[in-house]
Amino acid sequence: MSRSIAMRYMSVFSLVLMISTFAPAAAIAADIALVIGNHDYKSAPDALSAEIDARDVAAALEDSGYDVTLGIDMTQREMRAQLSRFSGKIDTADKIVVYFSGHALRSNGATYLAPIDQQNKSLVQVMLDGVPLDLVLRLAQVKSGRAVVFIDAAQFDGFAPNANAEPGLAAIGPSEGVLVVSAAAPGRAIRRRDARGTAFARDVINKFLTPGARAMDAARSMSAPAWSTGTVRPELRL
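Here the sequence shown stands for residues 45 to 282, numbered as in the working numbering.
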């Protein structure tokens, strides 16, 4: 082999070595979470403890390795923008968790998660101000078998009922591949007793986010009035 050819091979080898050395490693799918705590409502009583619960759950998820998007006291515009940004991360994620604490409204069989500027004086306000729970569940289904949605939005002291909507959750059918865990069953209301953290938030942290805990086992271990529907992979650990 001539000296010039040998030098050419050495140059090519050096270039390949440099590329392999400095090329970025393949991206590792992240676990992502969207956590919203709406407390300071403009047209309804405050959702006591919602902010504290959301911050506690967000911190526990971060400790578990999640990339957490946290929103506190979000308006309609902010909630929709936050959900849109979160949806852009789902395709490349491994597991996803959504946690909402605040008020909800139910109307015509649908549930709407209420931003702090939610109005319910007309059906149009109910449907356009609130974020449809069905939309959240549809997004979660993108990661079928690896998605859990927590909802703490069934309070006695929510929006006053009227002809347009009632406070709380409408019926939630099982979503394929999504585990839904609520502080109370649809149609049932509970009372937030003070501004300290709720038993529901503590159970989410202690039962679901304990290392090694399987999500389905954790859901079955929740005590009343907590309620769940849907399934995920039996081996799923958050």
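Think of the CB as a built atom: it goes at the ideal place given N, C-alpha and C, for glycine as much as any other residue.
Is it right to say residue i is buried, meaning 16 or more other beta carbons lie within 10 angstroms of its own, or is it exposed?
i, result
"P159", "buried"
"M51", "At M51 the pLDDT is 43, less than 50, meaning the model places this residue with poor confidence and gives no usable figure here."
"A270", "buried"
"N82", "buried"
"F200", "exposed"
"E220", "exposed"
"D97", "buried"
"K251", "buried"
"A243", "exposed"
"R236", "buried"
"A204", "exposed"
Which residue or residues does DSSP assign as beta-bridge partners of residue i?
i, result
"T273", "V224"
"I116", "G81"
"I195", "F144, S226"
"S93", "Beta-bridge pairing links S93 to no other residue."
"A74", "A137"
"R150", "T155, E210"
"D111", "I76"
Where residue i and residue j are concerned, what is the direct C-alpha to C-alpha distance, given to the nearest angstrom?
i, j, result
"L167", "I216", "20 Å"
"H147", "D196", "8 Å"
"A268", "R246", "14 Å"
"N208", "A214", "13 Å"
"R240", "R190", "30 Å"
"L280", "K165", "42 Å"
"I80", "I116", "6 Å"
"L114", "A154", "25 Å"
"G202", "P89", "6 Å"
"L92", "S131", "28 Å"
"V192", "G274", "9 Å"
"A125", "L179", "13 Å"
"A73", "V224", "23 Å"
"F57", "I76", "Unreliable positioning characterises F57 in this predicted model, as indicated by a pLDDT of 39, which lies under 50. The coordinate reading is nonetheless provided below. Near 40 Å, if we compare the C-alpha coordinates of I76 and F57."
"S226", "S87", "23 Å"
"I234", "S272", "16 Å"
"D173", "T119", "9 Å"
"L282", "I249", "10 Å"
"F194", "N206", "26 Å"
"S128", "D100", "23 Å"
"M266", "R258", "13 Å"
"S188", "E106", "22 Å"
"Q163", "M171", "10 Å"
"V175", "A198", "15 Å"
Let me check understanding here. Comparing Cα to Cα, which of the options lies closest to residue i?
i, options, result
"I140", "L92, L183, P230", "L183"
"A263", "I234, A228, R232, R236", "A228"
"L157", "P211, A102, D261, N206", "P211"
"Y143", "A102, P218, D107", "A102"
"G231", "S151, I249, M171, S188", "S151"
"V299", "V170, V248, A243, Q185", "For residue 299 there is no data in the structure shown, the boundaries of the chain being 45 and 282."
"V222", "P205, M260, A198", "M260"
"D138", "P218, T254, D111", "D111"
Which residue marks the beginning of the beta strand (DSSP E) containing residue i, and which one marks its end?
i, result
"L157", "154-157"
Identify the continuous alpha helix (DSSP H) that holds residue i and give its terminal residues.
i, result
"F244", "243-247"
"A262", "259-265"
"R268", "A small correction: the amino acid at residue 268 is Ala; Arg does not occupy that position in the sequence shown. No alpha helix (DSSP H) contains A268, which DSSP labels as neither H nor E."
"L177", "177-184"
"D161", "It is not in any alpha helix (DSSP H) - D161 carries neither H nor E in the DSSP assignment."
"D173", "167-173"
Does the ligand COA have a heavy atom nearer than 7 Å to the CB of residue i?
i, result
"F130", "Annotation note on the ligand COA: not contained in the displayed structure, which lists no ligands."
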